[in-house]
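To start, the structure itself, in structure tokens.
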Amino acid sequence: MKIALIGYGAMGQLVAKLAREREHEIAVTLTSEDAKRSTDEVVSELSVCDVAIDFSVTAAVPNNIALSMRAGLPLVEGTTGWKVDVHELGRAVIDADGAVIYGSNFSVGAQIFFRVAASAAELFQNLYSYDAYIEEAHHKRKRDAPSGTALQLGEIVANHLGREVPISSTRAGHIPGTHRVGFDSSADHITLEHVARSREGFALGALMAAKWIVGHKGLYEFSQVFDEILKSQPPAKEGE
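Counting with this note's numbering, you get residues 1 to 240 for the letters of the sequence shown.
Encoded structure:
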């Protein structure tokens, strides 16, 4: 694939590294400096690519989506913390004959964790002696709180539990991305936890999504098409 990278911070650089290792080409890299260029110039540059991957900043997301649609480029939107009416965005993407896949967390492990949490919440649905809660912690540089992953996790657990779930957030030091779901009663306590050891899981998931979105049209949420994306991947070799 010929990839356009939007944002070249820690995530963008890791996506570039892993993409090249998999024989993809980083054909275009856009940073905040490119905001000074004309829209037509940027769109022309993007149009030579097969797909765009955005790991930039929250405020830039609407413009990055618009640029990708103008360039006729499928987009993997990996930036979190942005808020938009999903139905309106979906209509805009369809009207532009475009394709966007977004998600709070592109890590395969996190997607499995969502499903484990959903199954656990369903088991506790009629056990009112248990209180459910969510805790998330990240390094002090992460700006959005609660994290997009925690918000999605909260929706999943609440939907399967049948009641609201409180979310608490911590931003300190160099804490790796940590999400915890707890079920607490006077008799015992059950905890489920996902810890991201590095950003590699997010980057690999974004590349999987990029490969899948090429040839599709419309707006997709990563969790909703996760099974289909997994099926489209070649079998992993031992040790990968």
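Using N, Cα and C, we set each Cβ at its ideal position, and we do this for glycine too. Predicted model only: the values in this text are computed from it and were never measured.
Answer with buried or exposed for K36, where buried requires no fewer than 16 other C-beta atoms within 10 angstroms of its C-beta.
In the sequence shown, the residue the question calls residue 36 occupies position 36. The residue in question, K36, is exposed, as its Cβ has fewer than 16 Cβ neighbours within 10 Å.
Among G72, D95, I213, which residue has its Cα nearest to the Cα of L46?
Position 46 of the sequence shown holds residue 46. L46 has its Cα closest to that of G72, out of G72, D95, I213.
Tell me whether the beta-carbon of F124 lies closer than 9 Å to the beta-carbon of G201.
On the sequence shown, position 124 is the one that residue 124 refers to. On the sequence shown, position 201 is the one that residue 201 refers to. Not closer than 9 Å, so no.
With distances taken from CA atoms, which of I6, K2, M69, G12 is nearest R199?
For the purposes of this step, residue 199 is identified with residue 199 of the sequence shown, where counting begins at 1. Comparing Cα-Cα distances from R199 to each of I6, K2, M69, G12, the minimum goes to G12.
Pull up the distance between the alpha-carbon of E248 and that of K17, whole angstroms please.
Since the first residue of the chain shown is 1 and the last is 240, residue 248 is not available in this structure.
Between the alpha carbons of H189 and V181, how many angstroms are there, rounded?
Residue mapping note: residue 189 aligns to position 189 of the sequence shown, counting from 1. Residue mapping note: residue 181 aligns to position 181 of the sequence shown, counting from 1. Using only the alpha carbons, I get a separation of about 11 Å.
Proximity to A59 [Cα-Cα], best of S44, E77, V214, V42:
Here residue 59 corresponds to residue number 59 of the sequence shown, with the count starting at 1. For the residues S44, E77, V214, V42, the minimum Cα distance to A59 belongs to E77.
Opening and closing residue of the beta strand (DSSP E) in which F183 lies
In the sequence shown, residue 183 corresponds to position 183, counting from 1. Per DSSP, F183 belongs to the beta strand (DSSP E) from 178-184.
Report the residue ranges of all alpha helix (DSSP H) runs contained in full by the segment 158-238; include only those spanning at least 4 residues, in chain order.
200-213, 226-231
Opening and closing residue of the beta strand (DSSP E) in which D131 lies:
Locating residue 131 in the sequence shown gives position 131, counting from the first residue. That run of the beta strand (DSSP E) goes 131-138.
Answer yes if the segment 127-143 comes into contact with the segment 156-171, meaning at least three C-beta pairs across the two stretches below 8 Å, and no otherwise.
yes
Segments assigned beta strand (DSSP E), at least 3 residues, entirely inside the segment 92-152
99-102, 131-138
Whose C-beta lies closer than 6 Å to the C-beta of L75 among residues of the same chain, with five residues either side of it excluded?
Against the sequence shown, residue 75 aligns to sequence position 75. Same-chain partners within the cutoff: A52, S68, V100.
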